[in-house]
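Just so you know, the sequence shown maps onto residues 0 to 150 in numbering that gives the first Met the number 0. Ideal Cβ positions, reconstructed from N, Cα and C, are used throughout, including at glycine. Note that the structure is predicted; figures quoted are calculated from it, not measured.
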Amino acid sequence: MKRIITLAAVGLLCLGGGASAQGARTPAADIVEARQAAMMLSGVAANAIKAAVDAGQPIASQRFATRALARWAHAVPGAFPAGSGAEAGVRTTAKPEIWSDRAGFEAKAADYAAAADRLAELAAGDDAAAFSAQLAVVRASCQSCHDAYKS
């Protein structure tokens, strides 16, 4: 798991270096691309956690990944500042409702953060059934936000 995250981070750093070498970038475009990369990495982490659960690995082996998801979950609202929608000049699947229904978006993000926090807490224990059930809650909270705010 750590190897996957490390390789993904190295890949993103390489991509980032290539992007900055291509020409001038706007701060808003950088924000969009950074949040897209973080969303992808959170998907990688969630899928790796699910694979570990399905393989019967000890839940303690998922402590790092669950803490990473929880940290990202708390950062999600800040990854969508005003001006980082379609007007940023970078392809984005973020719907305008993220900004026009900010309270709703932040409520869904808070649900995700609470679910991810609980998953990280459970990773410190040994209740595999509770961990697996909470992973389903985390994935559902992700989907709920995507259903409402991603095109």
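Between Val-43 and Phe-130, the C-beta gap is not smaller than 8 Å, which leaves the two residues out of contact. Look at Ala-122 here: in three-state DSSP terms it is helix.
Just so you know, the alpha carbons of Ile-30 and Gly-84 end up roughly 10 Å apart. Where Gln-35 is concerned, the enclosing alpha helix (DSSP H) starts and stops at 26 to 53. With fewer than 16 other beta carbons inside 10 angstroms of its own, Asp-126 counts as exposed. Counting the other CB atoms within 10 Å of its CB gives Glu-32 a total of 16 or more, which places it among the buried residues. Per the coordinates, the alpha-carbon of Ala-114 lies some 29 Å from the alpha-carbon of Ala-28.
Counting of Cβ neighbours within 10 angstroms places Asp-116 among the buried residues, the total reaching 16 or more. With a cut-off of 8 Å on Cβ pairs, the region 139 to 147 is in contact with the region 105 to 114, counting three or more such pairs.
Taking C-beta atoms under 8 Å as the contact rule, Cys-144 and Lys-94 fail to qualify, at a distance of about 11 Å. Shown here, Ala-93 sits in a strand according to DSSP, grouped into three states. Around the beta-carbon of Ala-50, fewer than 16 other beta-carbon atoms lie within 10 Å, marking it exposed.
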